[in-house]
Amino acid sequence: MGGPGCVRGSRLGLGIPWGVRAGFGGPGPCPGVRVGLGIPWGVRGSRAVSGGPGPCPGVRAVPGGPGWVWGSRAVSGGPGWVWGSHGGSGGPGPCPGVPPPVSRPSPAVWCPGPLEFEHGWFFPRGARHPPGSVLRFGCAGGFVLRGPPERRCGAGGRWEGPDPVCDDGAGDCPAPAVPPGASMEGSRSRFAVEGLVRFRCRPGLQLVGSAERRCLEGGFWSGTEPRCRDPNSFDTPEDAAEAFMASLTQTVEAAEANSTHGGDPTAKRRIRLEAGGALNVFLVLDASRSVNARDYENARAALGELVEKLASLGAAPRYGVVTFGSEPRVELSPTEPNATHGGWVRQRLRELRLDAHSQAPGTNLAGALRAVYALLVQQERAERLRGLRPAPVTNSTRHVLVIMTDGRANMGGSPVPVLHQIRELLSIGRDPRDPREEFLDVYAFGLGEEAHAETLNALASHKAGEQHVFFLRDTEDLQEVFHRMIDESSTLGLCGVSLEFGRADDRERNPWEVTVTVTRPGRGQERCQGSLVSPYFVLSAAHCFSGHDLPTWLSVDIGPRERRGVRGLFLHPEFSPGGRRSRGVPEFYDFDAALLQLDRPICIPCTEGAARALRLPEGSSCQEHRRLLLPPKNVEAFFVSPRGSAGLQRQQILLKLGEQRAPCEADALRAAPYANVTSLEDIVTPRFLCSGGHEPRVDPVACPGTDQYRPV
Numbered sequence: 001m002g003g004p005g006c007v008r009g010s011r012l013g014l015g016i017p018w019g020v021r022a023g024f025g026g027p028g029p030c031p032g033v034r035v036g037l038g039i040p041w042g043v044r045g046s047r048a049v050s051g052g053p054g055p056c057p058g059v060r061a062v063p064g065g066p067g068w069v070w071g072s073r074a075v076s077g078g079p080g081w082v083w084g085s086h087g088g089s090g091g092p093g094p095c096p097g098v099p100p101p102v103s104r105p106s107p108a109v110w111c112p113g114p115l116e117f118e119h120g121w122f123f124p125r126g127a128r129h130p131p132g133s134v135l136r137f138g139c140a141g142g143f144v145l146r147g148p149p150e151r152r153c154g155a156g157g158r159w160e161g162p163d164p165v166c167d168d169g170a171g172d173c174p175a176p177a178v179p180p181g182a183s184m185e186g187s188r189s190r191f192a193v194e195g196l197v198r199f200r201c202r203p204g205l206q207l208v209g210s211a212e213r214r215c216l217e218g219g220f221w222s223g224t225e226p227r228c229r230d231p232n233s234f235d236t237p238e239d240a241a242e243a244f245m246a247s248l249t250q251t252v253e254a255a256e257a258n259s260t261h262g263g264d265p266t267a268k269r270r271i272r273l274e275a276g277g278a279l280n281v282f283l284v285l286d287a288s289r290s291v292n293a294r295d296y297e298n299a300r301a302a303l304g305e306l307v308e309k310l311a312s313l314g315a316a317p318r319y320g321v322v323t324f325g326s327e328p329r330v331e332l333s334p335t336e337p338n339a340t341h342g343g344w345v346r347q348r349l350r351e352l353r354l355d356a357h358s359q360a361p362g363t364n365l366a367g368a369l370r371a372v373y374a375l376l377v378q379q380e381r382a383e384r385l386r387g388l389r390p391a392p393v394t395n396s397t398r399h400v401l402v403i404m405t406d407g408r409a410n411m412g413g414s415p416v417p418v419l420h421q422i423r424e425l426l427s428i429g430r431d432p433r434d435p436r437e438e439f440l441d442v443y444a445f446g447l448g449e450e451a452h453a454e455t456l457n458a459l460a461s462h463k464a465g466e467q468h469v470f471f472l473r474d475t476e477d478l479q480e481v482f483h484r485m486i487d488e489s490s491t492l493g494l495c496g497v498s499l500e501f502g503r504a505d506d507r508e509r510n511p512w513e514v515t516v517t518v519t520r521p522g523r524g525q526e527r528c529q530g531s532l533v534s535p536y537f538v539l540s541a542a543h544c545f546s547g548h549d550l551p552t553w554l555s556v557d558i559g560p561r562e563r564r565g566v567r568g569l570f571l572h573p574e575f576s577p578g579g580r581r582s583r584g585v586p587e588f589y590d591f592d593a594a595l596l597q598l599d600r601p602i603c604i605p606c607t608e609g610a611a612r613a614l615r616l617p618e619g620s621s622c623q624e625h626r627r628l629l630l631p632p633k634n635v636e637a638f639f640v641s642p643r644g645s646a647g648l649q650r651q652q653i654l655l656k657l658g659e660q661r662a663p664c665e666a667d668a669l670r671a672a673p674y675a676n677v678t679s680l681e682d683i684v685t686p687r688f689l690c691s692g693g694h695e696p697r698v699d700p701v702a703c704p705g706t707d708q709y710r711p712v
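So that you can map any letter, position 302 of the sequence shown is 302 in UniProt numbering, and since no number is skipped, the others follow by simple counting.
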């Protein structure tokens, strides 16, 4: 074991920083500076912090001993901890002679190969297949192939499409598909009513979904389709968003909360809301030591996106928020007055702090679910006190639990019995004739690379044709899932939704932004920016065009690969850039607007889609939209400018709509072209929005020209 100090060839890890005093530890390489377990230098909430900057800024040390590397997690400690450890290689690190972090290669991802395909054949065979591989299936005579004849192994280690199966139609229930990597057991009468089939994955694979399925009256199977996952596989954001959205929020229909589907659970379900919004959404977030700060922040942000997406659809559920370490913390109860206000709930989520559980960082998932149970009992009591009998919360209210955890509980017992208590309280599964399964959906999202699949699968709902448990590559993908879960083409006119996750490209961040190219024969090309404002029109600036331009000279680029022609060009009839030259105004840009006809959905003010996006009631007026979008104060906004290979860049500005509006507009008189103009009204009209200037900050110029005060 190495001695104290930054030893050449040693490795440092992310467990303990230099310069921290904690509950134990020995002398470090600098006199008077001690090291403690897992407490970052200067972090608020640490038990004790002392000293100044460490000898190696930004470097954290872990206990000595073979095998400790950058990023190792220190979970316990005691006497004998020594600075420095054996081994290591690499270039210069933050300490002289100490190597930099060694990046771990991503583990190999494979799709499991089928173990059996009854009454049919498949090719090629193999225990596992790399991403991009294709399996082909066929059936013997007398059997029909249900499902795709080909399946491709996706990037995350999951086969695309549903599991195929060969079926002769002789059973009361259709033959259940056996997922790749699994075997199926059951009696000869297994496809008859009450027949039972069991699935088992080969060693090394994890079963997700229902391990047992029973043939029910009506000719459908209980539970959800199983699959066998490689521990290194993951759901892609696109697949997870589609599955989650299909089960939860693809659309919000105005229907009775107690509506049924004719007894067929395979019918595509929707969360159905009455006008009062009979829906509870509980957000349960793991804040234990096993979840690092980055994953916690990303998960918290993803839950905020879920709240925003539901609000944008017009849903107003009652939210409950529970975080947990060794003990649960109720951050928000559904009985609080603001529990239905999406913006207020998002603010509460932004205020959550991981260090609130730093003194008791165990993983008590069962305790978190007990807190949810207690909130339901509290809500039931409050409703009965208001004279509501039976209480809607246990009778007609639908409930959604979104759990984000690694599932590795180390205290409080198993969370599964607590979930059964919640189901019993809601009378779910009590009566076989009316199991009420539609009144509870539990979604489990695995956090971290070591999420415990068995626990998460046991907690998640198992419903036919739906996925309720998700394993993402990382929490950046988790954020992307919640950004993608609203399909802008099929959500009641909600369109033009900006996707703000870290990996979003220009098109996803700015879906309304287009580039208009004017190609005048013999005179070259000119480009301007525009915005999609309706299913068929782009809004641009009239000064980009002349009255003689033909639609056939115009093209519109929507993103890097999609180009469309223009059917019509319409300049504002009152646009006249030279209309006030007699008053000494050489350039006048009032009514500087042009419309180009094409095809792309987007929501604009004074539409039903915009009202939902702004969380205003249906029938709200244009003035209400204007007051919300353009209040009499400084309003944060941005414009988009192309920056060559850097793509589209947002330029942040302040719209001066309050007390600073008048001085902002007055700056226009300082522009050189208007030196002889005395009346501000000759330059600026009420249709202008003013930005720029130097107070309270310097804003970028929207339309670069020869003068910083140029009005456009």
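Glycine included, each C-beta is placed from N, C-alpha and C at the ideal position.
For Tyr-373, the uninterrupted alpha helix (DSSP H) segment begins and ends at 365-385. Excluding its 5 nearest sequence neighbours in each direction, Thr-405 has C-beta neighbours in its own chain below 7 Å: Asp-286, Leu-365, Leu-447, listed in chain order. Spanning the alpha carbons of Ser-233 and Phe-470 requires a straight line of approximately 11 Å. The alpha carbon of Ala-453 has as its nearest neighbour, out of Leu-207, Leu-539, Leu-349, Arg-423, the alpha carbon of Leu-207. When the Cα atoms are used, Gln-421 and Arg-229 turn out to be separated by approximately 29 Å. A straight line joining the alpha-carbon of Thr-394 with that of Val-640 spans about 50 Å.
Measuring C-alpha to C-alpha distances from Arg-564 to each of Tyr-589, Thr-515, Glu-118, Pro-131 identifies Thr-515 as the nearest. The beta carbon of Phe-537 is closer than 8 Å to those of Leu-595, Leu-596, Gln-597, Leu-598 in its chain, skipping five residues each way along the sequence. Asp-295 places its beta carbon 8 Å or farther from that of Leu-472. Straight-line measurement puts the Cα of Pro-107 at about 38 Å from the Cα of Phe-220. The stretch 121-147 contains, as complete beta strand (DSSP E) runs of 3+ residues, the segments 134-139, 144-146 (chain order). In this structure, Ala-177 lies away from Phe-199, with their beta-carbon atoms at least 8 Å apart. 8 Å or more divides the Cβ of Phe-570 from the Cβ of Phe-591. Following the DSSP letters along the chain, one finds Gln-660 in no alpha helix (DSSP H), marked with neither H nor E.
Annotated three-state conformation of Leu-630 is coil, per DSSP.
Counting C-beta atoms within 10 angstroms of its own C-beta, Gln-379 has 16 or more neighbours from the protein chains shown and is therefore classed as buried. Collapsing the DSSP output to three states places Thr-323 in a strand.
Pairing Val-322 with Ala-368 gives a Cβ-Cβ distance under 8 Å. As the crow flies, the alpha-carbon of Phe-324 is around 47 Å from that of Leu-145. Here Cys-201 carries a strand assignment [DSSP, helix/strand/coil]. With fewer than three CB-CB distances shorter than 8 Å, the stretch 300-311 does not count as touching the stretch 408-427. Nearest to Leu-205 by alpha-carbon distance, out of Gly-120, Cys-111, Leu-532, Asp-167, is Cys-111.
Residue state for Cys-622 is assigned as helix, using DSSP reduced to three classes.
For Gly-342, the uninterrupted alpha helix (DSSP H) segment begins and ends at 342-350.
With fewer than 16 neighbouring CB atoms inside 10 Å of its own CB, Gly-579 falls in the exposed class. In this structure Val-442 does not touch Leu-478 by the C-beta definition: roughly 17 Å separates them, more than the 8 Å allowed. When only Cα atoms are considered, Ser-582 and Trp-344 end up about 54 Å apart. The continuous stretches of alpha helix (DSSP H) do not include Gln-359, and DSSP gives it neither H nor E. Leu-456: member of the alpha helix (DSSP H) spanning 453-459, first to last residue.
Fewer than three beta-carbon pairs drawn from the stretch 189-196 and the stretch 430-440 are found closer than 8 Å, and the two stretches are therefore not classed as touching. Boundaries of the alpha helix (DSSP H) around Ile-422: 416-425. If you compare the alpha carbons of Asn-338, Ser-620, Val-585 with that of Ala-675, the shortest gap goes to Val-585.
In the DSSP annotation of this structure, the continuous segment of the beta strand (DSSP E) that includes Asn-280 starts and ends at 279-286. Within the model, the alpha-carbon separation for Glu-185 versus Ser-427 is close to 31 Å. Only exposed fits Lys-633, as fewer than 16 other CB atoms lie within 10 angstroms of its CB. Among the bridge pairs identified by DSSP, Pro-112 is matched with Arg-128.
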